Amino acid sequence: MIRLQSVQNKLHYPIPGICAILALIYLSPFVSSWLNYVAFMICIYRLVKYDERIFSVDYCCLISVATVFALPGGLSFVVVLSLIAEVWFIIRDGLVADTALVCLLLLACYIMLRMQSSLSDFVLCFSQLLIIYLLISFLDEQTIVLDIELFVINVGVSSIYALLFRNSPAISQLIGTEVTAYFGSSLTRFQGLLRDPNYYMSLVIMAIVLLTLLHFKKYISKGLFLFGTGCMFLFGALTYSKTFIFLLCLYWLLCLFYLIRRKRYIFAVAFAAGTVCPAILLSNTLFATTLYRITSASSVGELTTGRTTLIGTYCNEIMSSPGIMLFGEGMSAELLEKGTHNLFLEIQYYIGLIGLILFVSYFGTLVVWMRKKYTMGSVATRLLNYSSLIVFIALFCSLQGMFSISVYALIYLAVISIGIPQNAVCKERCCYE
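Note that the sequence shown covers residues 647 to 1079 in this note's numbering.
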């Protein structure tokens, strides 16, 4: 992939503007929905005034509030903003043909053929696929770090806001009422500012992984890392998500494997031993309800909340004919009982094996480009760089999201996190030492 146009070396991110935008969005449920339009106009002003890198940081800031920052009909302003940004960037800077762009155009044309009557779903998919390509085209090391840092900060801020106004009528009207932790329980599952606790959990677990990368790359101190992950653990625990527990175990294994591959055996033993006591303490307090949901399951189907049955149902439907297997049911097809609860199966169901291959090819091309341009260091370091992508794949084996803005944002973050460089200050210190 070739950068479309050179940009200034040093990025000075205008913080007051995004603070004003977020303040208006947070006030809108309690004051007036018209504040969202004011916030949208400020976003347009920033889009025109600044380059693509500023927009990419704004985009990462807005993901956690996309449900609140929406039109009365439910369409998020983030989608509208993405469409306007795409037109503006292409008119201003043009496009350069490369492998990723070819894959994107093939995917877009194919999705259009399988769109049927689902125009809004097509617009959402296409807008997010294209904006990811454009943002990565102008990416640099400083923007990667800013994107990730501002995403994590805004997940935390939006979570605190949602926790403070939890179950208030104004917020419940926008995101719906919280569901119970399990049948007969008086506890409800925290969902942040999203409509589903599992999708909110996906933002939290990604924030934890990204915080780890920032700490290992020396962008944040140990104290800030512990504070940030502690907050995210709290928010994730309040979702009472079983998947969150499994992903934390995967995250723990990745960190342990990284230390072992770096031959830091003492640190690996200390890390493994040091997490035992906190794990026991948390299992009896913060994660007690979630562990009860896991241990009280009497079958695999109950443990997976019916996901195994759903996967079997969808697989039978997909394999019922060669046409459905290759081309899918179409994007306006009705769901079978419930959703697929698997992103890859969902893509297969709607647009077939061809669509799934095109999706994987497009994002695979972006991953390869990021690896060639940014990835350096030992095998262990490269594995750490891919940890976000590994967690994303594991996460969306139990969640769908082809028509969810947050899912595309997480793909974007997982891809660009491959290119997080070692902090330059740390590099200079190592050279002098």
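The C-beta atom is built at its ideal place from N, Cα and C for all residues, glycine as well.
Small disclaimer: the values here were computed from a predicted structure and weren't measured.
If you check the CB distance, Asp793 and Cys706 come in under 8 Å. Within the same chain, Leu956, Ile957, Tyr960, Glu992, Tyr995 and Gln1046 come within 8 Å of Thr986 by CB-CB distance, once the 5 residues on both sides are set aside. Restricting attention to alpha helix (DSSP H) runs no shorter than 4 residues, the stretch 957 to 1007 encloses them at 968 to 973, ordered along the chain. Val711 sits close to Ile671, with the two beta carbons spaced by under 8 Å. Bounds of the alpha helix (DSSP H) holding Gln819 are Pro815 to Ile821. For Thr858, the secondary structure class from DSSP, reduced to helix, strand or coil, is helix. Approximately 16 Å separates the beta-carbon atoms of Phe917 and Leu928; this is outside 8 Å, ruling out the contact. Note that the C-beta distance between Ile1051 and Ile806 is not below 8 Å. Taking C-beta atoms as the reference points, Met852 and Gly882 fail to come closer than 8 Å. Segment contact: the stretch 973 to 982 against the stretch 946 to 955, fewer than three CB-CB distances shorter than 8 Å; contact not assigned. Runs of alpha helix (DSSP H) with 4 or more residues, each lying fully within the stretch 752 to 823, are found at 765 to 783, 787 to 810 and 815 to 821, listed in chain order. Contact check for Leu1012 against Val1061 passes: the beta carbons are separated by less than 8 Å. A contact is defined here as three or more CB-CB pairs under 8 Å, and the stretch 656 to 667 meets this definition with respect to the stretch 679 to 690.
Pro815 counts as exposed, since fewer than 16 other beta carbons sit within 10 angstroms of its beta carbon. In the three-state scheme derived from DSSP, where H, G and I count as helix and E and B as strand, Ala918 is classed as helix. Look at the beta carbons and you see the stretch 729 to 743 touching the stretch 765 to 783: at least three pairs across the two are nearer than 8 Å. Per DSSP, Arg692 is one residue of the alpha helix (DSSP H) stretching across Trp680 to Lys695.
Restricting attention to Asn1031, Ile730 and Leu972, the CA atom closest to the CA of Tyr756 is found in Leu972. Just measuring C-alpha positions, the residue of Ile730, Leu729 and Thr713 sitting nearest Ser722 is Thr713. Of Ile970, Glu963, Thr950 and Ser728, the smallest CA-CA separation from Leu982 is found for Glu963. Ranked by Cα distance from Val694, the options Ser679, Phe715 and Asp739 are led by Asp739. In the three-state scheme derived from DSSP, where H, G and I count as helix and E and B as strand, Ser944 is classed as coil. Burial check for Thr931: the Cβ neighbour count within 10 Å stays below 16, so the residue is exposed.
Boundaries of the alpha helix (DSSP H) harbouring Thr889: Lys888 to Arg907, taken from the DSSP string. DSSP places Thr931 outside both helix and strand once states are collapsed to three, so it counts as coil. Residue pairing by DSSP places Ala669 in no beta bridge whatsoever. Of Thr885, Trp680, Asp697 and Val677, the smallest CA-CA separation from Tyr659 is found for Asp697. The continuous alpha helix (DSSP H) containing Ile1062 extends over residues Ile1051 to Ile1062. Ser722 sits in a strand when the DSSP states are folded into three classes. In the three-state scheme derived from DSSP, where H, G and I count as helix and E and B as strand, Thr745 is classed as helix. In the displayed model, Thr713 falls within coil according to three-state DSSP, outside both helix and strand. If you check the CB distance, Phe772 and Ala754 come in under 8 Å.
In this structure, the CA atom of Ala925 is about 35 Å from the CA atom of Tyr1020. The way I'd put it, the stretch 863 to 873 doesn't touch the stretch 908 to 923; fewer than three beta-carbon pairs between them come closer than 8 Å. Around the CB of Asn988, 16 or more other CB atoms lie within 10 Å, so the residue is classed as buried. Spatial neighbours of Arg841 in its own chain (CB-CB distance under 7 Å, excluding positions within 5 residues in sequence) are listed in chain order as Thr713, Ile821 and Gly822.
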